[in-house]
Structure formats: structure tokens, C-alpha cells
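Asks: I have a structure here, written as C-alpha cells, and I will follow up with some questions on it.
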Amino acid sequence: MPIVDRGLSLLTKLQAKNIVKHFDHNGKTVVALDGINLNVEEGDFICIVGPSGCGKSTFLNVVAGLEKPNSGEILLNGKLISTPGPDRIMVFQEGALFPWLKVIDNVEFGLKIAGIPKEERRELSHRYLDMMQLTKFADSYIYQLSTGMKQRVAIARALAMDPEVLLMDEPFAALDSQTRDLLLVELQLIWERTKKTIIFVTHNISESVILGNKVAIFKNRPAKIKKEIVIDYRRPRLAEDENLQKYYHQIVEELKSEVMPHAKDDTQ
Amino acid sequence: MNENTQFKGSHNLHDAANAALFVAAFLGMWQIIFMLGIWPKISLPSPILVAENFAKIIWNGSLPQSIGITLARLIGAFTISATLGILIGFTMIKFKGFGKTLNSFSAGLLSFPSIAWVPFSILLIGFNEFGIMFVVIMSSIFSIMISTYSSIRNIPPIYLDAARNMGARGFLLFRYVTIPAATPSLIIGLRQAWSFAWHAIIGAEILMSIVGLGHILSVGREFLDMSQVIASMITIFAIGLLVDRLLLYKLEDKVRRKWGLDLHR
Chain A
-6 MPIVDRGLSL LTKLQAKNIV KHFDHNGKTV VALDGINLNV EEGDFICIVG PSGCGKSTFL
54 NVVAGLEKPN SGEILLNGKL ISTPGPDRIM VFQEGALFPW LKVIDNVEFG LKIAGIPKEE
114 RRELSHRYLD MMQLTKFADS YIYQLSTGMK QRVAIARALA MDPEVLLMDE PFAALDSQTR
174 DLLLVELQLI WERTKKTIIF VTHNISESVI LGNKVAIFKN RPAKIKKEIV IDYRRPRLAE
234 DENLQKYYHQ IVEELKSEVM PHAKDDTQ
Chain B
2 MNENTQFKGS HNLHDAANAA LFVAAFLGMW QIIFMLGIWP KISLPSPILV AENFAKIIWN
62 GSLPQSIGIT LARLIGAFTI SATLGILIGF TMIKFKGFGK TLNSFSAGLL SFPSIAWVPF
122 SILLIGFNEF GIMFVVIMSS IFSIMISTYS SIRNIPPIYL DAARNMGARG FLLFRYVTIP
182 AATPSLIIGL RQAWSFAWHA IIGAEILMSI VGLGHILSVG REFLDMSQVI ASMITIFAIG
242 LLVDRLLLYK LEDKVRRKWG LDLHR
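Protein chains in written order, with this note's numbering: chain A, -6 to 261; chain B, 2 to 266.
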């Protein structure tokens, strides 16, 4: 069933307009983002894929408001945003859970900051812990969990905040392949159930093909969006589904021309 | 869980047996050296003589009183030092230039000998409680300031990013993220500062006081009573050890366990 058709004009949820970001690196200016334009529609699951160091995580940090762009703007529901806020919740690569809090208190952290009363917090946190099959571990501390469980907690924490947009920065990069495959399916089910708008950054092409209904391909130096492709295919998609191969190869082709010239640079 | 506690229990027993063996060996060697007669009895009394003196100064009340006075001064001064030191540490974080400057003085301030504060304190404040407490405060406060400052600066940025991402800022960010994230290393700093304060109070009492543990130590010297000197030294050692093991180390250990920092064998 087609979920999003590019021809239909749906509600624009988040808009990145000509985002430019550079860093000072030992006195030299490095251009991390060179005019990124991206439209994310309500309910999109958009994957940003590209080579390491292409600035895709920087872009996500700009969207989250954790980094300020040198120019350009981010609009959420048509309104300009420039600071971090609970309307855009990030799931970090390393989970970024707080080791001094129990699992349940980690999940409730943002709710507590937002001033939501304790009973309501408990109800919400239990709902999402349950969704992520973590109920048994509510009173555990973070170090007692496996890497996969930590990422589940991070996802539960993000969902409990009920953000307008969920930002995911290579959340499965540190997982073993079985755990990752499981979470890839779960994340699709959660997306279908919650209708969340998700921006998911990854360097893993097959991950982007499995998850995204759109894939934005980032190109390197200068960092721009090279191409956006639409993946209109039934869900839940599995890692081993051969019908996804053509999308996979399409992205590989696009990225090949990106990675190759630099590979040559490096050998010279 | 059960296995774990059993293991821990046998571990403790093992430690205690080792400690007992060590003390017995130490007392034995002491007794042998005493019996060899290298030093006259007055310069090196036997363990028994020291034990007798211990009994005497406990019985006549001078030891318990001295311990009470010294600890009261120490706790008072350390509380002031910790409160002020932590507050100044926070200020150093808030005002970056100030923090940087003060931090670069840290090496000199941290290694400044506590005894070197005594003449200054005598002339500024005098031979009184406040003079002694001043020495203790000056000897420990810099360590607290510096460790507060560096504990906060060493918080992994990802915690702050995650918290800001969830809408925490200002006081809430400070209260719910900065403080707990800095706690493990802050406790290590407090533990170190406590030992600085402990050095300082004994030194200051030897030179400035007419009561307290440092004082009975120097009275021992004045009356050529080596057994009293040794008894005071053992008391000082024992209190230092007990406070560190029963209070500060326990606290640190608890936090480390909660964070999962104590998992390597």
C-alpha cells in the first residue's frame, strides 16, 4: 500500500532551507553542510544515507537545535526554530541514557522536565516500556542492560515525549546483526502504529532501504543532498527481502561516484 | 544474587584475616626491636607500655575529649570549606574567564603546605578556634573548588545534549543532569579534600591549640612521654582510616556500583 505519494501534496512537517554549517578545524574552515534543502512531510519515514563524515549527523544536530547553522533555517510546522526542544527528540547512537537513573526514570526524564505529574508519567513510561518489552527491567540501572536493550530504552524515552519529529542518529550502528534485524522490524511496526514523522540517519544502505519511505542520499565535499528516492514497498520489510535489492543497488550506484574520487585522492 | 553476597562475604573475611595478620606482624616486629634494646625505653616504649598509656588517657577522659574537640572543629571547618568550595566551583563554571584563571593557579594552591598557613592565621585571627578552622578551610577549599570545576567540565557532552534535547535548561538542567553526572568524581574530590583537612587540623592543633588530638601529641613530646605520642599517632591513624573506609569510601563505592563503574576485577 503506498503510504506517501510524492505527487500528493501532504502537510509539510519540517522544512530545512539552505542550511550551511562550517567548522573551524586547526584554523582551516571545513564546510560540513553546503546548502541542505529538505522537506519532510507529516508521517514521513525519511532516511538520510551517505558516507562517513558527510555531515549527515551534523544536519540532524542542526534540526535538533543542538548546533546552530551558519545560515539557513529550519521550519517546524511552518514556524522558525533555533533552540533544542521536546518537539524534536533525538535517539543518539550511544543511547545517551543517564547512568544515575533507573530505566523507568530515564524514560520519564523528559516528562519530568516538562512538569507532567508523577502518576501520568508512570502511566506513560509503563506504556512505552511495555511497547519496547522492557517492563521487567524498569528498575534496572543502565549498566545492567545489553546494548540492544539500551537502544530500546532510548527509543521508549523518545516515544514517551510524543515528539512532532523523531530524530535518529545511527541508533543501530553498535548492535549485533540479530538484534538490529529485530529492531528494524519493531521500528517499522512502531512507525505504523504511532504515525510518527521520523528522520533516520545511517551509513548503512540496507538499513535505509528497509526503513525509509524516502531515502535522501548525501553527497560528500561539499555536503549536499544528491538525490531523494522514494521506496514504495509493503511493510514490514525484512532484511533478506530480495525485492529491496534494486533500491539498494540504486543507492550504491549513487554513492559509488561519491566515494570513488575521494578514494583516489587518499591514495595519491 | 545469593551467590554474589556469599562471595562478597568470604571476600570480606579474607580481607579481615589479612589485616589481622598484618597488625600482628607489625606488633611482633615492634616488640622484637624493643627487646633488642637499640633505643632506650623512653625513646621507644614497648607495645604493652603504649597500650597502658592508651588505657590511662582513655580512663582519665583526655583522649575522648580530644577526639571530640578535634572532630567538632574538623567537621565544622570542612562543612564550611565544602559548601564554599562547591559554590565557588559552580561560579567558576558560570564565569569561564574566572574559572580558567583560578584553575591555572590550582597547582600552586593544591600543593601549598597546610602548616604554611599557620603563621598567617595566627597574625590575622589569633590563637583561637577560628584561627585553627581558618587553616583547615584554606588547606582543603582549593581542592574542593578545583574538583567541582573539573568534575562538571568532564561531564560527557552527550548527557547534556540529550537533556537539552528533552527540553532541560537552566536550573533544571543543572539540578537533574549536571549535579548527578558530576557526582562520582565530586565524591573523589571531597575524599581528597577531607584528607587535606585532616592533615591541616593536626598540624594546626600542634602549633596553635591547648586542646585536641594535635595538642595531646605535642604534650607527649614536651613531657618526653613517647608512649603518649605513639598512642596519639595511632588514634589519628585509626580515625583517618575509619572515616575514609566507613563513610567516604562507602559513599563512593555506592555511587560507583549504581553507575556500573565497579565491574572490573
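From the three backbone atoms N, C-alpha and C, an ideal C-beta is built for every residue, glycine too. No experiment lies behind these values; they were computed from the predicted model shown.
Taking CB distances under 8 Å as the criterion, tell me whether V(-3) (chain A) reaches chain B.
Replies: Walking along the first sequence from the start, residue -3 (chain A) turns up at place 4. With a pLDDT of 46 at V(-3) (chain A), under the threshold of 50, the modelled position of this residue cannot be trusted; read the value that follows with caution. So, not an interface residue.
Asks: Using the rule of at least 16 other Cβ atoms within 10 Å of the residue's Cβ for burial, across every protein chain shown, is N3 (chain B) buried or exposed?
Replies: Numbered from its first residue, the second sequence carries residue 3 (chain B) at position 2. Confidence in N3 (chain B) is poor, its pLDDT being 45 and thus under 50, which makes the residue's placement unreliable; the coordinate value appears in the next sentence. By the neighbour-count rule (16 or more Cβ atoms within 10 Å), N3 (chain B) is not buried but exposed.
Asks: Beta-carbon of T84 (chain B) versus every beta-carbon of chain A: anything under 8 Å?
Replies: As a working mapping, residue 84 (chain B) is identified with position 83 in the second sequence. Answer no: the Cβ-Cβ gap between T84 (chain B) and chain A never drops below 8 Å.
Asks: Would you tell me roughly how many angstroms separate the C-alpha atoms of L4 (chain A) and F91 (chain B), rounded to the nearest one?
Replies: Residue 4 (chain A) sits at position 11 when you count from the first residue of the first sequence. Residue 91 (chain B) sits at position 90 when you count from the first residue of the second sequence. Their backbone Cα atoms lie some 46 Å apart in a straight line.
Asks: Can at least three beta-carbon pairs, one atom from the stretch 178 to 192 of chain B and one from the stretch 23 to 43 of chain B, be found at a separation below 8 Å?
Replies: No, they do not touch.
Asks: Taking CB distances under 8 Å as the criterion, tell me whether P215 (chain A) reaches chain B.
Replies: What you label residue 215 (chain A) is simply residue 222 of the first sequence in a count that begins at 1. No, no contact with chain B.
Asks: CA-CA distance, R(-1) (chain A) and E253 (chain B)?
Replies: Residue numbering aside, residue -1 (chain A) sits at position 6 when the first sequence is read from its first letter. Residue numbering aside, residue 253 (chain B) sits at position 252 when the second sequence is read from its first letter. Low confidence applies to R(-1) (chain A): its pLDDT is 44, below 50, so where it sits in the model is not reliable, and the reading given next is rough at best. When rounded, the distance between both Cα atoms is 58 Å.
Asks: Per DSSP, what kind of secondary structure is V136 (chain B) in: helix, strand or coil?
Replies: Taking the second sequence and counting its residues from 1, the one referred to as residue 136 (chain B) is at position 135. Here V136 (chain B) sits in helix by DSSP.
Asks: Got a sec, what are the start and stop residues for the alpha helix (DSSP H) F197 (chain B) sits in?
Replies: By one-based count along the second sequence, residue 197 (chain B) stands at place 196. Here the alpha helix (DSSP H) through F197 (chain B) covers 180 to 209.
Asks: Return the first residue and the last residue of the beta strand (DSSP E) that R81 (chain A) is part of.
Replies: The residue given as residue 81 (chain A) occupies position 88 in the first sequence. Where R81 (chain A) is concerned, the enclosing beta strand (DSSP E) stretches over 81 to 84.
Asks: Residues of chain B with CB closer than 8 Å to the CB of L59 (chain A), please, in chain order.
Replies: Working through the first sequence from its first residue, we reach residue 59 (chain A) at position 66. What L59 (chain A) touches in chain B: D162, R165, N166.
Asks: So T172 (chain A) is in the alpha helix (DSSP H); what residue range does that whole segment cover?
Replies: Locating residue 172 (chain A) in the first sequence gives position 179, counting from the first residue. Taken as a continuous stretch (DSSP letters only), the alpha helix (DSSP H) holding T172 (chain A) covers 170 to 187.
Asks: Looking at the unbroken beta strand (DSSP E) that takes in M45 (chain B), where does it start and where does it end?
Replies: Taking the second sequence and counting its residues from 1, one reaches residue 45 (chain B) at position 44. One point to set straight first is that residue 45 (chain B) is Leu, not Met, in the sequence displayed. Looking at the DSSP string, L45 (chain B) is not in any beta strand (DSSP E), and its letter there is neither H nor E.
Asks: If you count every other CB in all the chains shown that lies within 10 Å of the CB of I235 (chain B), and 16 or more means buried, which is it?
Replies: Sequence index remark: in the second sequence, residue 235 (chain B) carries index 234 (1-based). Exposed is the call here.
Asks: From the DSSP secondary-structure annotation, give me the bridge partner or partners of H18 (chain A).
Replies: Position 25 of the first sequence, counted from the start, is the residue given in the question as residue 18 (chain A). Paired residues: A:K21.
Asks: Express the C-alpha separation of K95 (chain A) and F143 (chain B) in angstroms, rounding to a whole number.
Replies: In the second sequence, residue 143 (chain B) corresponds to position 142, counting from 1. In the first sequence, residue 95 (chain A) corresponds to position 102, counting from 1. Approximately 34 Å between the Cα atoms of the pair.
Asks: How many angstroms separate the CA atom of G46 (chain A) from the CA atom of F23 (chain B)?
Replies: As a first step, residue 46 (chain A) is located in the first sequence; it is residue number 53 there, counting from the start. As a first step, residue 23 (chain B) is located in the second sequence; it is residue number 22 there, counting from the start. For G46 (chain A) and F23 (chain B), the distance between alpha carbons rounds to 58 Å.
Asks: With a threshold of 8 Å, are at least 3 pairs of Cβ atoms found where one atom belongs to the stretch 53 to 67 of chain A and the other to the stretch 222 to 240 of chain A?
Replies: Short answer: they don't touch.
Asks: In chain B, what lies closer than 9 Å to F91 (chain A) by C-beta?
Replies: For the purposes of this step, residue 91 (chain A) is taken as the residue at position 98 of the first sequence. Simply Y160, A163, A164, Y177, V178, P181, A182.
Asks: Whole beta strand (DSSP E) runs in the stretch 54 to 126 of chain A with 3 or more residues, listed along the chain?
Replies: For the stretch 54 to 126 of chain A, whole beta strand (DSSP E) runs of length 3 or above, ordered along the chain, are 64 to 69, 72 to 74, 81 to 84.
Asks: Rounded to whole angstroms, how far is the Cβ of F135 (chain B) from the Cβ of I126 (chain B), which I believe are closer than 8 Å?
Replies: For the purposes of this step, residue 135 (chain B) is identified with residue 134 of the second sequence, where counting begins at 1. For the purposes of this step, residue 126 (chain B) is identified with residue 125 of the second sequence, where counting begins at 1. With 8 Å as the limit, F135 (chain B) and I126 (chain B) qualify as a contact, their Cβ atoms being about 6 Å apart.
Asks: Closer than 8 Å, Cβ to Cβ, to anything on chain B: give me those residues from the stretch 95 to 129 of chain A, in chain order.
Replies: Residues F102, G103, K105, I106, A107.
Asks: Who are I191 (chain A)'s beta bridge partners in DSSP?
Replies: In the first sequence, the residue the question calls residue 191 (chain A) occupies position 198. Per DSSP, A:F38, A:L159.
Asks: Taking the alpha carbon of S50 (chain A) as the reference point, which residue from A:G71, A:M83, A:K21, A:M125 has its own alpha carbon closest?
Replies: As a first step, residue 50 (chain A) must be located in the first sequence, where it is residue number 57. When each option's Cα is compared against that of S50 (chain A), the closest is A:M83.
Asks: Do R74 (chain B) and P185 (chain B) have their beta-carbon atoms positioned less than 8 Å apart in this structure?
Replies: Here residue 185 (chain B) refers to the residue found at position 184 of the second sequence. Here residue 74 (chain B) refers to the residue found at position 73 of the second sequence. It is not a contact, given that the beta carbons lie outside the stated cut-off.
Asks: Less than 8 Å between the C-beta atoms of V158 (chain A) and I192 (chain A), yes or no?
Replies: On the first sequence, residue 158 (chain A) is found 165 positions in, with the first residue counted as 1. On the first sequence, residue 192 (chain A) is found 199 positions in, with the first residue counted as 1. Yes.
Asks: Can you tell me where the beta strand (DSSP E) holding E221 (chain A) begins and where it ends?
Replies: Position 228 of the first sequence holds residue 221 (chain A). Element bounds for E221 (chain A): 217 to 223.
Asks: Taking Cβ to Cβ, would you say V202 (chain A) is nearer than 8 Å to L237 (chain A)?
Replies: As a first step, residue 202 (chain A) is located in the first sequence; it is residue number 209 there, counting from the start. As a first step, residue 237 (chain A) is located in the first sequence; it is residue number 244 there, counting from the start. It is a contact, given that the beta carbons lie within the stated cut-off.
Asks: Under the assumption that M209 (chain B) contacts V119 (chain B) (Cβ atoms under 8 Å), give the Cβ distance between them as a whole number of angstroms.
Replies: Position 208 of the second sequence, counted from the first residue, corresponds to residue 209 (chain B). Position 118 of the second sequence, counted from the first residue, corresponds to residue 119 (chain B). With 8 Å as the limit, M209 (chain B) and V119 (chain B) qualify as a contact, their Cβ atoms being about 6 Å apart.
Asks: Got a sec? Which residues, its chain only, sit under 6 Å from L103 (chain B) by beta carbon, not counting five neighbours each side?
Replies: Counting from one through the second sequence, the residue named residue 103 (chain B) turns up at place 102. M93.
Asks: Within 8 Å of any Cβ in chain A, is that where the Cβ of G261 (chain B) sits?
Replies: Counting from 1 along the second sequence, the entry for residue 261 (chain B) is found at position 260. True, the Cβ-Cβ gap to chain A drops below 8 Å.
Asks: Does A239 (chain B) pass the burial test, meaning 16 or more other C-beta atoms within 10 Å, or should it be called exposed?
Replies: Position 238 of the second sequence, counting from 1, holds the residue named residue 239 (chain B). So A239 (chain B) ends up on the exposed side.
Asks: Could you please tell me which residues of the stretch 41 to 68 of chain A, in chain order, have their CB closer than 7 Å to any CB of chain B?
Replies: Cβ contacts with chain B come from A57, L59.
Asks: Is DSSP giving A18 (chain B) helix, strand or coil here?
Replies: Locating residue 18 (chain B) in the second sequence gives position 17, where the first residue counts as 1. In this structure, A18 (chain B) counts as helix in the three-state DSSP scheme.
Asks: Nearest by alpha-carbon distance to D27 (chain A): which of A:L176, A:E66, A:L90, A:L160 is it?
Replies: Taking the first sequence and counting its residues from 1, one reaches residue 27 (chain A) at position 34. The candidate whose alpha carbon is nearest that of D27 (chain A) is A:E66.
Asks: Three or more beta-carbon pairs under 8 Å between the stretch 137 to 153 of chain B and the stretch 77 to 86 of chain B, yes or no?
Replies: With a cut-off of 8 Å, the stretch 77 to 86 of chain B and the stretch 137 to 153 of chain B count as touching, because enough Cβ pairs lie within range.
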